[in-house]
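Visitor: Let me begin by handing over the structure; questions about it come next.
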Amino acid sequence: MLDEEQRDKTVELAPWWVVTGRALRFVLGALSLVGGLTWALLNLHVATAALDAAVGAVLAAGGLVLLMPHRIRLPRLVTALVMSGFAVAGTVAGLVYEQSRECCEFAYVAERGWPFHWVGRGGVADDPETAIRLAQSSAWSADVVSLTANLLVWSYVGLILVVIAVLVRRARPVRAEEPESPVM
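Just so we're on the same page, our numbering is the position in the sequence shown counted from 1, plus 555.
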């Protein structure tokens, strides 16, 4: 009897954009989880180990959230707005951080961006003063890969904050309204 009931029912397939979105979410989540853990493990013995561990943890946590949408339901519009806002705001705010250095027989490099440098300029000359002057007069150039990594990391920070807010809201006990006591 079960077979007859199942034959009568038609199966409705999700539209192509829903299926494609789910597949992209799964692939991005898997790559972020594995990449974040790998990033943290490979960079344990460098000068920026704390920063690299934090970036790896953010990528891994964001990837885990993307892989498990059935475990926590997030409001789509709020999540998209917060992730987009954090991606742009974090990347732009990271431009405040500048690192300049002299290197390798009179090369001067200035870079901006945090956690990854994505804007830079530099100059090479026979003496340090000329290298600095050349660097300061040259145009800034953008590194698209580092910019994309910054946008991804900051959007995951927004995603993690939305998850925390949803979990805190769910954990908060719901209080029944207490009847007002009569005034005496």
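For glycine and all other residues, C-beta sits at the position ideal for the given N, C-alpha and C. Because the structure is a prediction, the values reported are computed rather than measured.
1) In this structure, does DSSP put Glu684 in helix, strand or coil?
2) Among the candidates Val651, Leu621 and Arg628, whose CA atom is the shortest distance from the CA of Arg580?
3) Going by DSSP, which residues form a beta bridge with Gly677?
4) Does the distance from the C-beta atom of Val708 to that of Pro670 stay below 8 Å?
5) Give the DSSP-derived three-state secondary structure of Arg725 in the structure shown.
6) Report buried or exposed for Glu567, applying the criterion of at least 16 other Cβ atoms within 10 angstroms of its Cβ.
7) For Ile715, count the other beta carbons within 10 Å of its own beta carbon; 16 or more makes it buried, fewer makes it exposed. Which is it?
8) Excluding five sequence neighbours on each side, which residues of the same chain lie with their C-beta closer than 7 Å to the C-beta of Ala680?
9) Would you kindly work out how many angstroms separate the C-alpha atoms of Arg628 and Gly645, rounded to a whole number?
10) Residue ranges of each alpha helix (DSSP H) run of no fewer than 4 residues wholly in the stretch 568-606, ordered along the chain?
11) Excluding the 5 residues flanking Ala704 on each side, which residues of the same chain have their C-beta closer than 6 Å to its C-beta?
12) DSSP state of Ala635, grouped into three classes?
13) With distances taken from CA atoms, which of Ser696, Leu583 and Ala615 is nearest Leu596?
Guide: In short, the structure shows the following:
1) helix
2) Leu621
3) Val664
4) yes
5) helix
6) exposed
7) buried
8) Phe661, Ala686 and Leu689
9) 25 Å
10) 571-597
11) Phe671
12) helix
13) Ala615
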